[in-house]
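Working notes, structure below.
2 protein chains.
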Amino acid sequence: MPRPTIYDVAAAAGVATSTVSRAFSSPNRVNARTREHIFSIAADLGYRPNPHARALLSGRHHTVAMVVSDITNPHYFELIRGAELRARASEYTLVLVNAEESPRVEYDQIQRLVPSVDGFVLGASRLPDENLVQIAGQRPVVLMSRELSRLPSVVLEHTQGCHQIVEHLASFGHQHLVYLAGPRNSWMATTRWSALKSAGEELGLRVDRIGPFTPKASHGAAAADGAIRTGATAIVAHNDLLAIGVMRRLAQRSVRVPQDVSVVGFDNIFAADLCTPGLTTLGGAHADVGRVAVDILLQATGPLQPSGASPQVALPTELVVRESTGARA
Amino acid sequence: MPRPTIYDVAAAAGVATSTVSRAFSSPNRVNARTREHIFSIAADLGYRPNPHARALLSGRHHTVAMVVSDITNPHYFELIRGAELRARASEYTLVLVNAEESPRVEYDQIQRLVPSVDGFVLGASRLPDENLVQIAGQRPVVLMSRELSRLPSVVLEHTQGCHQIVEHLASFGHQHLVYLAGPRNSWMATTRWSALKSAGEELGLRVDRIGPFTPKASHGAAAADGAIRTGATAIVAHNDLLAIGVMRRLAQRSVRVPQDVSVVGFDNIFAADLCTPGLTTLGGAHADVGRVAVDILLQATGPLQPSGASPQVALPTELVVRESTGARA
DNA sequence: AACCTGATGGCAACCCCTTGTCGTCTGTTG
DNA sequence: CAACAGACGACAAGGGGTTGCCATCAGGTT
Chain Y
1 MPRPTIYDVA AAAGVATSTV SRAFSSPNRV NARTREHIFS IAADLGYRPN PHARALLSGR
61 HHTVAMVVSD ITNPHYFELI RGAELRARAS EYTLVLVNAE ESPRVEYDQI QRLVPSVDGF
121 VLGASRLPDE NLVQIAGQRP VVLMSRELSR LPSVVLEHTQ GCHQIVEHLA SFGHQHLVYL
181 AGPRNSWMAT TRWSALKSAG EELGLRVDRI GPFTPKASHG AAAADGAIRT GATAIVAHND
241 LLAIGVMRRL AQRSVRVPQD VSVVGFDNIF AADLCTPGLT TLGGAHADVG RVAVDILLQA
301 TGPLQPSGAS PQVALPTELV VRESTGARA
Chain H
1 MPRPTIYDVA AAAGVATSTV SRAFSSPNRV NARTREHIFS IAADLGYRPN PHARALLSGR
61 HHTVAMVVSD ITNPHYFELI RGAELRARAS EYTLVLVNAE ESPRVEYDQI QRLVPSVDGF
121 VLGASRLPDE NLVQIAGQRP VVLMSRELSR LPSVVLEHTQ GCHQIVEHLA SFGHQHLVYL
181 AGPRNSWMAT TRWSALKSAG EELGLRVDRI GPFTPKASHG AAAADGAIRT GATAIVAHND
241 LLAIGVMRRL AQRSVRVPQD VSVVGFDNIF AADLCTPGLT TLGGAHADVG RVAVDILLQA
301 TGPLQPSGAS PQVALPTELV VRESTGARA
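One line per chain: the protein sequences are Y and H, in this order. Each residue of the first sequence is one higher than the one before, counting from 1 in UniProt numbering. Each residue of the second sequence is one higher than the one before, counting from 1 in UniProt numbering.
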């Protein structure tokens with residue numbers, strides 16, 4: 001027995017299909033008594049409007065896609081959770097897409113979804129600017145962990161956060177840092193590097209950079225070895241996963257943390273609190289990033305014409321100090 | 001400028017819309033030269049078939065939904081990843097749904113998605129059996145981490161795994177274990193409990209159970225306190241998160257792991273390797289669970305009539321021994 | 001009582017694509 | 001050269017719902 005349609009409801013209620021349709025979509029166009037009658041019949045039949053038929057005409061699907069650069073990165077859990085929650089609150093469905101650190105995959109997946117979703121939330125997109133602009137021409141887009149003029153975005157306030165990191169390290173007397181850079185096409189990597197560098201200049205520290213590294217724990221060994229070669233006394237890794245991988249390698253090589261070298265990460269993932277020593281890291285309200293991003297997206301997909309405003313939101317960061325940083329012994 | 005439709009392509013190519021449609025959906029019904037012509041025009045125009053219009057008629061959406069009991073549980077990351085990968089390989093879209101440990105939310109979300117997806121993969125569903133059967137009547141369903149006769153499922157082989165755990169603990173001379181149970185309506189909790197219990201009987205160990213506990217690190221404190229009261233020398237927690245929470249609490253209370261008490265978890269999440277001491281846990285190929293589940297689901301949604309076969313797959317587990325287990329000192 | 005107004009609901013076109021049916025044209029066969 | 005088979009493509013009817021337009025009707029006005 002197929003799902004009942006608006007026709008079945010109309011027949012059972014003795015009204016026209018249009019009346020049934022209006023009872024659901026613009027209730028005040030229909031007499032209250034008729035409406036109640038229709039609702040009760042619909043409930044009896046177990047009628048539910050078919051979202052596809054609806055989307056066909058309206059072009060609105062009540063669905064948004066969230067694309068993340070690497071779904072296995074715990075950092076995204078919170079983002080995903082915030083986004084999912086916000087989407088659900090508006091009865092939107094969240095489609096999750098994993099770009100696997102590949103711009104190609106990312107782009108193809110997005111294009112595949114264009115006809116099916118109302119907009120995109122892109123997390124740490126690895127796509128070049130022009131692609132992003134093009135996609136934004138097809139559907140509303142909100143960037144997370146990336147900024148681009150004329151596109152709305154939500155990021156954590158990294159400039160200030162990086163400054164905090166450098167200050168924190170400087171306070172322990174460190175004079176030479178090295179930044180283990182993230183992927184080449186990562187906006188965050190560029191941003192963090194320049195923020196660290198200028199903070200270093202301001203505070204009179206030398207800041208080197210090596211990389212790029214894929215920000216996973218498994219790439220920490222290569223990163224650690226490279227870092228040691230620079231002679232820096234403090235390592236700032238592109239994210240916590242990389243930092244954890246680095247600390248493992250350092251332990252293997254009997255380099256003590258923080259007595260010989262300090263390590264700092266980004267993201268404050270769950271594991272940062274569990275590893276030994278605990279990882280000092282720059283955290284922030286990641287769930288809020290996801291939430292706010294979807295929030296902005298839903299406004300843009302809303303009935304109002306896109307107002308031309310492209311909010312660029314920067315949420316505060318906080319340096320979570322644990323045991324991986326300290327003075328050299 | 002709206003997306004080009006089949007009509008635009010037909011007009012530009014000088015053929016009927018049906019010809020364009022068939023060129024895409026049943027290519028051998030159309031002359032090769034005409035077909036190529038249509039394809040090139042379509043490419044020029046940037047035409048892509050509208051999946052909703054297609055779904056309207058065919059009822060197939062090329063979308064599957066994955067519902068997880070709690071999206072913040074790292075254990076699901078691998079499941080999600082495996083599922084996403086498998087879905088993508090068949091050009092299916094994966095919709096991710098978070099049930100937040102609430103049967104109500106889970107059910108509502110599923111019902112909302114019924115018209116939009118081809119099937120469901122349910123991870124550790126908290127729904128009662130009859131709900132699951134009912135949902136399976138509407139759309140194909142594959143269960144993960146739960147078994148129910150007549151429904152296909154993918155689980156990790158826990159009976160044997162639990163036996164391994166008990167053997168491992170027995171080999172250290174433990175004679176009294178306590179299982180910190182997961183949520184009341186969790187099939188896994190029931191399964192683990194009975195497997196641990198029968199393994200205990202077989203090997204001559206006393207096995208207690210306390211709980212239920214929400215399997216998050218934050219609930220570890222209550223669980224740890226309860227476990228201590230039982231006087232057991234080994235704690236088997238419902239999952240790694242709970243185990244980690246327990247170990248934290250034990251550290252607070254100056255109970256040494258493993259000298260005073262041993263701790264075992266389930267899932268082998270990333271963090272199990274990072275905490276101190278490293279957590280002994282029952283792992284398995286979680287990504288495979290997600291992959292196989294989607295695989296089965298796609299077969300069931302495929303053109304073949306559901307063959308009545310409901311594969312119940314059990315994948316192997318492996319006990320990952322770290323430092324949280326040992327003999328009492 | 002004649003007239004006006006606003007509320008109500010029906011008709012039918014449309015959203016984009018698929019598909020059963022049927023006509024047409026090409027090439028083949030006797 | 002006529003007749004025919006087969007390949008191809010056009011027509012039109014949905015699939016489920018929305019919406020502009022119009023007819024109707026009840027209630028209110030003068």
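Yeah, the Cβ is synthetic: ideal placement off N, Cα and C, and Gly gets one too. All figures in this text were calculated on a predicted structure; none of them were measured in a lab.
Give the range of the alpha helix (DSSP H) segment to which residue 259 of chain Y is assigned.
-> The residue labelled residue 259 of chain Y in the question sits at position 259 within the first sequence. Residue 259 of chain Y -> no alpha helix (DSSP H), and no H or E assigned at all.
Please list, in chain order, all residues of the same chain as residue 288 of chain H whose beta carbon is under 7 Å from its beta carbon, the five residues on each side excluded.
-> For the purposes of this step, residue 288 of chain H is identified with residue 288 of the second sequence, where counting begins at 1. Taking C-beta separations shorter than 7 Å and ignoring five residues to either side along the sequence, the partners of residue 288 of chain H in its chain run 82, 315, following chain order.
Grab me the residues of residue 241 of chain Y's own chain with a C-beta within less than 6 Å of its C-beta, minus the 5 sequence neighbours each way, in chain order.
-> Residue 241 of chain Y sits at position 241 when you count from the first residue of the first sequence. The beta carbon of residue 241 of chain Y sits closer than 6 Å to the beta carbons of 215, 216, 217 from its chain, once the five residues preceding and following it are set aside; these are given in chain order.
Does the beta carbon of residue 3 of chain H come closer than 8 Å to any beta carbon on chain Y?
-> Here the question's residue 3 of chain H lines up with position 3 in the second sequence. Cβ-Cβ to chain Y under 8 Å: yes for residue 3 of chain H.
Straight-line gap, residue 26 of chain Y to residue 9 of chain Y (C-alpha atoms, nearest Å) = Start at 1 with the first residue of the first sequence, and residue 26 of chain Y comes out as number 26. Start at 1 with the first residue of the first sequence, and residue 9 of chain Y comes out as number 9. Approximately 17 Å, taken between the alpha carbons.
Candidates Y:167, Y:182, Y:173, Y:174: which alpha carbon is nearest residue 124 of chain Y's?
-> The sequence position of residue 124 of chain Y within the first sequence is 124, counting from 1. Taking only the C-alpha atoms, the option nearest residue 124 of chain Y is Y:182.
So with Cβ pairs under 8 Å, would you call residue 84 of chain Y a contact of chain H?
-> Residue mapping note: residue 84 of chain Y aligns to position 84 of the first sequence, counting from 1. Closer than 8 Å to some Cβ of chain H, the Cβ of residue 84 of chain Y qualifies, so yes.
What three-state label does DSSP hand residue 305 of chain H in the structure shown?
-> As a first step, residue 305 of chain H must be located in the second sequence, where it is residue number 305. At residue 305 of chain H the pLDDT is 49, less than 50, meaning the model places this residue with poor confidence; the figure from the coordinates comes in the next sentence. Residue state, collapsed to three classes: coil.
Starting from residue 120 of chain Y, follow the beta strand (DSSP E) in both directions and report where the run begins and ends.
-> Residue mapping note: residue 120 of chain Y aligns to position 120 of the first sequence, counting from 1. Here the beta strand (DSSP E) through residue 120 of chain Y covers 119-123.
Classify residue 46 of chain Y as buried or exposed, calling it buried when 16 or more other Cβ atoms lie within 10 Å of its own Cβ.
-> Taking the first residue of the first sequence as position 1, residue 46 of chain Y is located at position 46. Exposed, because fewer than 16 other Cβ atoms sit within 10 Å of the Cβ of residue 46 of chain Y.
With burial defined as no fewer than 16 other Cβ atoms inside 10 Å of the residue's Cβ, what is the status of residue 109 of chain Y: buried or exposed?
-> On the first sequence, position 109 is the one that residue 109 of chain Y refers to. With 16 or more neighbouring CB atoms inside 10 Å of its own CB, residue 109 of chain Y falls in the buried class.
Below-8 Å beta-carbon distance, residue 38 of chain Y vs any chain H residue | Counting from 1 along the first sequence, the entry for residue 38 of chain Y is found at position 38. Judged by the 8 Å Cβ criterion, residue 38 of chain Y is not in contact with chain H.
Against chain Y: residues of the UniProt domain "HTH lacI-type" (4-58) of chain H by CB proximity under 7 Å = For the UniProt domain "HTH lacI-type" (4-58) of chain H, residues whose beta-carbon sits nearer than 7 Å to a beta-carbon of chain Y comprise 48, 50, 51, 52, 53, 55, 56.
Please name the residue in H:205, H:244, H:206, H:207 whose C-alpha comes closest to that of residue 224 of chain H.
-> Here residue 224 of chain H refers to the residue found at position 224 when the second sequence is read from its first residue. Among H:205, H:244, H:206, H:207, the Cα nearest to that of residue 224 of chain H belongs to H:244.
Neighbour-count burial assignment, residue 31 of chain Y, 16 or more Cβ in a 10 Å radius = Position 31 of the first sequence, counted from the first residue, corresponds to residue 31 of chain Y. Exposed is the call here.
Complete alpha helix (DSSP H) runs within the stretch 240-300 of chain Y (minimum length 4 residues, chain order) | The stretch 240-300 of chain Y contains these whole alpha helix (DSSP H) runs: 240-252.
State buried or exposed for residue 173 of chain H, treating a residue as buried only when at least 16 other CB atoms are found within 10 Å of its CB.
-> Position 173 of the second sequence holds residue 173 of chain H. An exposed status is given to residue 173 of chain H, since fewer than 16 other beta-carbon atoms sit within 10 Å of its beta-carbon.
Give, in chain order, every unbroken run of the beta strand (DSSP E) that is at least 3 residues long and sits entirely within the stretch 79-167 of chain Y.
-> Secondary structure remark: continuous beta strand (DSSP E) runs of at least 3 residues inside the stretch 79-167 of chain Y, in chain order: 93-98, 119-123, 141-144, 153-156.
Euclidean distance between Cα positions of residue 305 of chain H and residue 114 of chain H | Mapped onto the second sequence, residue 305 of chain H falls at position 305. Mapped onto the second sequence, residue 114 of chain H falls at position 114. Since pLDDT at residue 305 of chain H reaches only 49, below the 50 mark, its modelled position is unreliable, and no value is offered.
Terminal residues of the continuous beta strand (DSSP E) containing residue 52 of chain H?
-> Taking the first residue of the second sequence as position 1, residue 52 of chain H is located at position 52. Unbroken run through residue 52 of chain H is the alpha helix (DSSP H), 51-58; no beta strand (DSSP E).
Have a look at residue 202 of chain H and residue 232 of chain H and give me their C-alpha separation to the nearest angstrom.
-> For this step, residue 202 of chain H is matched to residue 202 along the second sequence. For this step, residue 232 of chain H is matched to residue 232 along the second sequence. Approximately 18 Å, taken between the alpha carbons.
Residue-level contact to chain Y via CB, residue 110 of chain H, 8 Å cutoff = Translated into positions along the second sequence, residue 110 of chain H becomes position 110. Residue 110 of chain H has a beta carbon lying at 8 Å or more from every beta carbon in chain Y.
How would you label residue 57 of chain H, buried or exposed, when you count the other beta carbons within 10 angstroms and need 16 or more for buried?
-> Position 57 of the second sequence, counted from the start, is the residue given in the question as residue 57 of chain H. It counts as exposed.
Decide if residue 18 of chain Y is buried, meaning its Cβ has at least 16 other Cβ atoms within 10 Å, or exposed.
-> For the purposes of this step, residue 18 of chain Y is taken as the residue at position 18 of the first sequence. With fewer than 16 other CB atoms across the displayed protein chains lying within 10 angstroms of its CB, residue 18 of chain Y is exposed.
Neighbourhood of residue 293 of chain Y by C-beta distance below 7 Å, restricted to the same chain and skipping five residues each side | Locating residue 293 of chain Y in the first sequence gives position 293, where the first residue counts as 1. Counting only Cβ-Cβ distances below 7 Å, and skipping sequence neighbours, we find 83, 121, 142, 144, 154.
Taking 8 Å as the CB-CB cut-off, is residue 332 of chain Y touching chain H?
-> This structure gives no information on residue 332 of chain Y, because the portion of chain Y shown stretches from 1 to 329.
8 Å contact criterion, which residue 258 of chain Y and residue 200 of chain Y should meet: CB distance rounded = Position 258 of the first sequence holds residue 258 of chain Y. Position 200 of the first sequence holds residue 200 of chain Y. Contact flag wrong, Cβ pair sits at about 19 Å.
Chain Y contacts from the stretch 72-97 of chain H (Cβ-Cβ distance under 7 Å) = Answer in chain order: 72, 74, 77, 80, 81, 84, 93, 94, 95, 96.
Kindly indicate the opening and closing residues of the beta strand (DSSP E) around residue 176 of chain Y.
-> For this step, residue 176 of chain Y is matched to residue 176 along the first sequence. For residue 176 of chain Y, the enclosing beta strand (DSSP E) covers residues 176-180.
Compute the Euclidean distance between the alpha carbons of residue 61 of chain H and residue 189 of chain H, then round it to the nearest angstrom.
-> Numbered from its first residue, the second sequence carries residue 61 of chain H at position 61. Numbered from its first residue, the second sequence carries residue 189 of chain H at position 189. Computed Cα separation, rounded: 34 Å.
How big is the Cα-Cα spacing for residue 98 of chain Y and residue 94 of chain H?
-> Here residue 98 of chain Y corresponds to residue number 98 of the first sequence, with the count starting at 1. Here residue 94 of chain H corresponds to residue number 94 of the second sequence, with the count starting at 1. When the Cα atoms are used, residue 98 of chain Y and residue 94 of chain H turn out to be separated by approximately 10 Å.
Applying a beta-carbon distance threshold of less than 7 Å, which residues of chain H neighbour residue 276 of chain Y?
-> Residue 276 of chain Y sits at position 276 when you count from the first residue of the first sequence. In chain order: 276.
What number of angstroms, rounded off, separates the C-alpha of residue 4 of chain Y from the C-alpha of residue 184 of chain Y?
-> As a position in the first sequence, residue 4 of chain Y is number 4, starting the count at 1. As a position in the first sequence, residue 184 of chain Y is number 184, starting the count at 1. When rounded, the separation of the alpha-carbon atoms in residue 4 of chain Y and residue 184 of chain Y is 53 Å.
Report back the beta-carbon spacing between residue 284 of chain H and residue 318 of chain H to the nearest angstrom; my notes put them in contact at under 8 Å.
-> Residue mapping note: residue 284 of chain H aligns to position 284 of the second sequence, counting from 1. Residue mapping note: residue 318 of chain H aligns to position 318 of the second sequence, counting from 1. Confirmed, Cβ separation roughly 6 Å.
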